[in-house]
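Student: My questions will all concern the structure given below.
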Amino acid sequence: MLDLPVAGLRHQDEGDHDMAHNTLMFVAQLSALRILVLANRLGCDTDLAGTVHDKLAEVLAAMIEDQRKILAAEGVLAEARRTSDEEDAFFDLHHYRTAYFETWLLEPIALLDDYLVDDLGREYFDFRTGEWHHRDGEVPIAVPVPTEKLCGLAKIIAEIEDIGGTKFTVENVYYSEAEAEVAWWESTGNDPDVFFAMKEDGLG
């Protein structure tokens with residue numbers, strides 16, 4: 028009879044060790060990926076790619092810091108086992124884990140432009156002006172940045188998503204159809220006036 032609780036406590040201690048070990052490994056993986064992002068940044072040849080690299084490195088640094096808080100809380104809980112402080116330590120760990128989930132796992136993280144839509148109220152938030160507007164039509168329009176414009180970062184993003192479960196977006200967001208159309212023409216390298224004039228002349 029006396030061996031049962033002792034065995035249970037031993038398994039509990041082993042569980043604390045495994046939990047901390049997994050968190051430590053995750054911190055090491057995120058740190059290695061951040062170094063990879065910074066190294067890849069050196070080969071960027073456009074401002075767009077550089078901006079996305081910088082944002083991802085910033086995000087990873089914040090994720091690592093939050094995981095270190097979880098690691099520290101796991102250590103405190105392990106030390107508090109079978110003491111009067113165990114309940115407080117448990118809730119502290121729960122707080123840090125919940126905060127991590129809500130910050131990094133609940134919604135995709137925007138690495139370029141972000142947008143927010145309230146489907147129920149038919150409104151959208153313009154991050155440029157800091158104001159809410161009535162949503163009429165498809166605005167805002169989110170256009171994913173082609174992977175070839177990210178200087179190889181897409182593969183690193185995919186690896187981070189696979190390891191940590193965090194999802195990312197790399198999009199240009201436009202707040203009018205006219206703005207989106209202008210951006211589309213710029214991406215093609217064509218002047219619409221010249222293009223349609225050539226069409227009329229039978230040259231296009």
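Quick note on the working numbering: the sequence shown kicks off at 28 and runs consecutively. We treat Cβ as the ideally placed atom computed from N, Cα and C, and that holds for glycine.
1. For L143, name the three-state secondary structure that DSSP assigns.
2. Mind reading off the beta-carbon distance from A126 to D93? Whole number of angstroms is fine, and I expect it under 8 Å.
3. Classify H80: buried if its beta carbon has 16 or more other beta carbons within 10 angstroms, exposed otherwise.
4. Taking all protein chains shown into account, do 16 or more other C-beta atoms lie within 10 angstroms of the C-beta of R61, making it buried, or fewer, making it exposed?
5. To the nearest angstrom, how far is the alpha carbon of G157 from that of S214?
6. May I ask you to verify whether the region 167 to 183 touches the region 116 to 134, counting CB pairs closer than 8 Å and requiring at least 3?
7. To which residues of the same chain is E113 closer than 8 Å at the C-beta, ignoring the five residues directly before and after it?
8. Along the chain, where does the alpha helix (DSSP H) that runs through Y127 open and close?
9. Could you check how far apart the C-beta atoms of D153 and Y201 are, in whole angstroms? I think they sit under 8 Å.
10. By how many angstroms is the C-alpha of H160 removed from the C-alpha of M52?
11. Are L143 and Y151 touching if we call contact CB-CB under 9 Å?
12. To the nearest angstrom, how far is it from the Cα of D145 to the Cα of D163?
13. With DSSP as the reference, label V172 as helix, strand or coil.
14. List the DSSP bridge partners of T196.
15. Please confirm whether R68 and A84 have their CB atoms less than 9 Å apart.
16. The alpha helix (DSSP H) spanning D93 covers which residue range?
17. How many angstroms separate the CA atom of E198 from the CA atom of H121?
Tutor: Concretely, from the data shown:
1. Residue numbering aside, residue 143 sits at position 116 when the sequence shown is read from its first letter. Here L143 sits in strand by DSSP.
2. Sequence index remark: in the sequence shown, residue 126 carries index 99 (1-based). Sequence index remark: in the sequence shown, residue 93 carries index 66 (1-based). Indeed they touch by this definition, with Cβ atoms about 7 Å apart.
3. What you label residue 80 is simply residue 53 of the sequence shown in a count that begins at 1. By the Cβ neighbour-count rule, H80 is buried, with 16 or more other Cβ atoms within 10 Å of its own.
4. Residue mapping note: residue 61 aligns to position 34 of the sequence shown, counting from 1. Classification for R61: buried.
5. Working through the sequence shown from its first residue, we reach residue 157 at position 130. Working through the sequence shown from its first residue, we reach residue 214 at position 187. Taking the straight line from one Cα to the other gives about 27 Å.
6. no
7. What you label residue 113 is simply residue 86 of the sequence shown in a count that begins at 1. Closer than 8 Å at Cβ, skipping near neighbours: L104, A107.
8. In the sequence shown, the residue the question calls residue 127 occupies position 100. Its alpha helix (DSSP H) spans residues 113 to 127.
9. Residue numbering aside, residue 153 sits at position 126 when the sequence shown is read from its first letter. Residue numbering aside, residue 201 sits at position 174 when the sequence shown is read from its first letter. In fact, because the Cβ distance is near 11 Å, the residues do not count as touching under 8 Å.
10. In the sequence shown, the residue the question calls residue 52 occupies position 25. In the sequence shown, the residue the question calls residue 160 occupies position 133. Taking the straight line from one Cα to the other gives about 44 Å.
11. The residue you call residue 143 lines up with position 116 of the sequence shown. The residue you call residue 151 lines up with position 124 of the sequence shown. Contact annotation: L143 and Y151 have beta-carbon atoms nearer than 9 Å.
12. Mapped onto the sequence shown, residue 145 falls at position 118. Mapped onto the sequence shown, residue 163 falls at position 136. C-alpha separation (whole angstroms): 12 Å.
13. Taking the first residue of the sequence shown as 1, we reach residue 172 at position 145. V172 falls in the coil class under three-state DSSP.
14. The count along the sequence shown starts at 1 and reaches residue 196 at position 169. For T196, the pairing in a beta bridge is given by DSSP as A137.
15. Mapped onto the sequence shown, residue 68 falls at position 41. Mapped onto the sequence shown, residue 84 falls at position 57. A contact, by the Cβ cut-off of 9 Å.
16. Mapped onto the sequence shown, residue 93 falls at position 66. First-last of the alpha helix (DSSP H) with D93: 74 to 107.
17. In the sequence shown, counting from the first residue as 1, residue 198 sits at position 171. In the sequence shown, counting from the first residue as 1, residue 121 sits at position 94. Whole-angstrom Cα-Cα distance: 33 Å.
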